[in-house]
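For reference, each letter of the sequence shown is one residue, going 1 to 766 in the UniProt record's numbering.
The beta-carbon is built from N, C-alpha and C at its ideal position, and this holds for glycine as well.
For reference, the structure is listed below as structure tokens.
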Amino acid sequence: MRKIVGNARAFLSIVLIISIGIGFYITLKSFAYNLENITENYINVHGLADYTIYGSAFNEDDVDILKEMAHIKEVAPRVTIDTRYNDSQLRIMSLPLTEEPINVPFYYDGRSPENGELAICRKYAKEHELNLGDEIIVQFPDSTISLIISGIIASPEYIYLSQSSSVPLASSSDFGIGYVHGQTLLREDIQYNEIIMLFDGDVDRGNVIRDIHSTLQPGKIQNAITKDNQISYSSYAADIDQINSMAYVFPMVFLLIGSTMIYVLQKRNVVQERKQIGIQKALGYGDYHVLQSFLKYGLLLSVLGSILGIGLYNIFGQFILTAFQQMLEIPGLELELVTDYWLIGSLVALVVTAFSNIIAVKQITKINPAEAMHAEKPKDGKMSLLEKIPGVWNKLSFNSRYALKTALRNKGRFIAVILGMVATLSLTLFSLGFGDSLEHLVDRHYTQVVNYDLLVEVEPRLIGEESLLKGMDIVSAYHTALLAPMKISKGEMEADISILVSKRDFNALKLEDNKGNKIHLDDSGAILPLYYAERLNVKIGDSIKVATLDGQSTFEVEISNISDQGTSFYVYLTYEYLNSKISDDLSFYNVLFVTTEGGYNNASEEIRGLEKVKSVASAESEKNTLLQLMSLIDILVLVLVCFAIVLGITVLYSVSAINLTARTYEFNLLSVMGYSTSNIMLAYIKETILQLLISIPFGFIGGMFILSAIKEEFSNEFFVMKEHIYPSSYFYSLMILILVIVITKLLAIRYIKKLDIVQGLKAREE
């Protein structure tokens, strides 16, 4: 208790640092655990399809064939149509007539739709102010239909509101989904275009998928996707990995700083209690008894830090939960403390504090009792490098020489302050740089790479057919292309990615290599994104295997170039090169990259009204959706910066408190010698400036290192994060550190002004 009372400020500061580290760890780990468990339970109960096949003319015979196949548990055909409501796209899917438990919606309110009714997703309904019982008129390509809203829902297929592979995260103002009764969409001119399936639990899914494609008539299946490759599901799975990775960054730094502070504080306590330790050893007490009181001190730090960590978990956890609830649609998503993670965090904190205590105290246990009962011999002064340089040392003022000599004499405290500054600067720069990197990714892609206004998905059309856009003055240019999902592989490594096949003059996406050189499509090979080249460990000149998702058709392509992109990943090929590698002639397209004149909104509406057009997405709306996501990340960045500021103030204040207490005699002696408070503070501030100058390069390097280390965890098949820190972030990080230093020094001035010279000279501790 005497140790705590004597260094109350330092003790409370260390408790706060430990509590923030533990709180941050248990919040993110618990949230990742809850997110995974709740989501997996949700998709299992509501039957997220294991496999979905797409075509244009499935019938009941196809369904019956699939039902008879081994290892397929449930099969349901359905119709999916992209319609228009007001100025947005509404994707309508038919529910199975026999109510198979596949892709079953979750009802927040209302009931399952009957014929002529619609169950609509909650976020879309809220955005468009739609309620139960409302009548909406949706526009099909060739007609309109009136539907009554019977339910407000969430869908296991759309945890993320993913419109397509090119728009993995859509805005609820532009895109929504809904379900109708199976009879609502069944007309003579509309046939089943999807079949969804559930497999048995323990089964080789690859073999089942191959059997499906070999059993159905050739040409029936135009596309297919597994659950793991479904955009929404794979995005959620990537989130789990990213949250788990982030859970270790800040806690590791906080515990490192906390352990350093414990070491400095306990070294100070050892000096204060040196005689008492000597007496205990003289009375026959062993080393363990001496260590015991210090270990209890560390135990108390860990216990209090763990308890306060739960409090921080309750605060920070609600923020994380709210942020993810805005991005995801998972019914029942909540945050509950996972006791195991709290115990792990507490145990790690206990080990770290115990280790720091032992390191700080072990030296005193090695000396004999008689030596311990004497004050420690002052360390011999050593000449600094500057003192050895003729003419330099003598030109320095007393305050400058005093600051330098103090740094050499009290290396532990001096280094502790530097570590605090480095940690504050590193974490602040990392936090700001994290936001900068994502912002730069979006900005670079939509200003330097994207060279179109609208991405139009159409039913497959031959290259030689008359253009759908013929005679549209509002369209200034367009490029046709074939997009098809494929698997690429090299040896044992494989990945899922779409191929983009176009003509040699394709420039809707302006590609560059990692040196900034422009690259173009040609007939010499394929262009592969850098992310996938690194994933498959291939380079220019290597060959990779390309296969359809069912594995029925395969061919090899040579890599002619590698593109450095942040998102919109495709394997780029020309029609000529592709047709030279396969037996069939694939001279058709299913997407158009359109550039408009006079505004893309008017062109978008006009194109949507064309026959054979399935969907239209604007590059601007994609960008705005990503920017909305960035705004949520900005809030996270702000919280991380606040944590860094708290760390800085806590560390610098507590070490300053230890430093000032230890140097009370020193400052009082300077006062007796005639030095004013301002002169003493000037020397003290020069010491701080020296520490700051040392900290700046290490802090900047540390921030860049953390960002570089974490970027891999935030890169996936949808976008690649590359470290990019704006100059302003370096400036703001430094200003935040200086602000923290100013705050702690103002507190130090108050302490020095209150020094009692008479009392201070009665006892000397150093």
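If you check the CB distance, D453 and T596 come in under 8 angstroms.
As summarised for the stretch 99-178, the continuous alpha helix (DSSP H) elements at least 4 residues long and confined to that stretch are 122-127, given in chain order. If you draw a 10 Å sphere on the C-beta of C121, you find 16 or more other C-beta atoms in it, and that means buried. According to the DSSP assignment, D64 belongs to no beta strand (DSSP E) but to the alpha helix (DSSP H) extending over 60-68. P485 and T548 have their C-alpha atoms spaced approximately 7 angstroms apart. Note that the C-beta distance between I562 and I540 is below 8 angstroms.
Per DSSP, the beta bridge partners of F593 are L455, H479.
Within its own chain, the residues whose Cβ lies closer than 8 angstroms to the Cβ of V740, once the five positions on either side in sequence are excluded, are T424, I645, G648, I649, L652, listed in chain order.
In the three-state reduction of the DSSP assignment, E336 falls in the coil class. Less than 8 angstroms divides the Cβ of I148 from the Cβ of E117. When rounded, the separation of the alpha-carbon atoms in V538 and D82 is 39 angstroms.
By the 16-neighbour rule on beta-carbons within 10 angstroms, S214 is exposed. Fully contained in the stretch 530-572 are the following alpha helix (DSSP H) runs of length 4 or more, in chain order: 530-536.
For I26 against G345, the beta-carbon gap comes to about 5 angstroms, under 8 angstroms, which counts as contact.
With respect to the 8 angstroms criterion, Y570 and I499 are classified as neighbours on the basis of their beta carbons.
Taking every protein chain shown into account, the CB of P727 has fewer than 16 other CB atoms within 10 angstroms, so this residue is exposed.
Annotation: A10 to L265 spans about 7 angstroms, alpha carbon to alpha carbon.
For K581, the enclosing alpha helix (DSSP H) covers residues 575-581.
L468 is positioned such that its CB atom lies no closer than 8 angstroms to that of V557. In the structure shown, the three-state DSSP call for L521 is coil. For A32, same chain residues with a beta-carbon under 6 angstroms away, outside a window of 5 residues either side, are I240, I243, N244 in chain order. Here S580 is exposed, its C-beta having fewer than 16 other C-beta atoms within 10 Å. Using a 10 angstroms sphere on the CB of D200, the tally of other CB atoms stays under 16, which defines it as exposed. The shortest C-alpha to C-alpha distance from S150 to any of M630, A119, G566 is the one to A119.
In the structure shown, F588 falls within a strand segment according to DSSP collapsed to helix, strand and coil. For V422, the CB contacts under 8 angstroms within the same chain, skipping 5 residues up- and downstream, are S695, F698, G699, G702 in chain order. In terms of CA proximity to F718, Y531 leads the group R608, I92, Q183, Y531. Counting along the chain, D82 sits inside the beta strand (DSSP E) bounded by residues 80-85. Judged by DSSP in its simplified three-state form, I225 adopts strand.
K123 is classed as buried because its beta carbon has at least 16 other beta carbons within 10 Å across all chains shown. In the three-state reduction of the DSSP assignment, P96 falls in the coil class, being assigned neither a helical nor a strand state. Counting of Cβ neighbours within 10 angstroms places V546 among the buried residues, the total reaching 16 or more. Looking at the DSSP output, Q89 bridges to R84, F175. Using a Cβ distance threshold of 8 angstroms, M630 and V442 count as a contacting pair. Listed in chain order, the non-local C-beta contacts of E336 below 8 angstroms within the same chain comprise S30, N34, local neighbours out to five positions each way being set aside.
Taking the C-beta atoms as reference points, K623 is found nearer than 8 angstroms to Y446.
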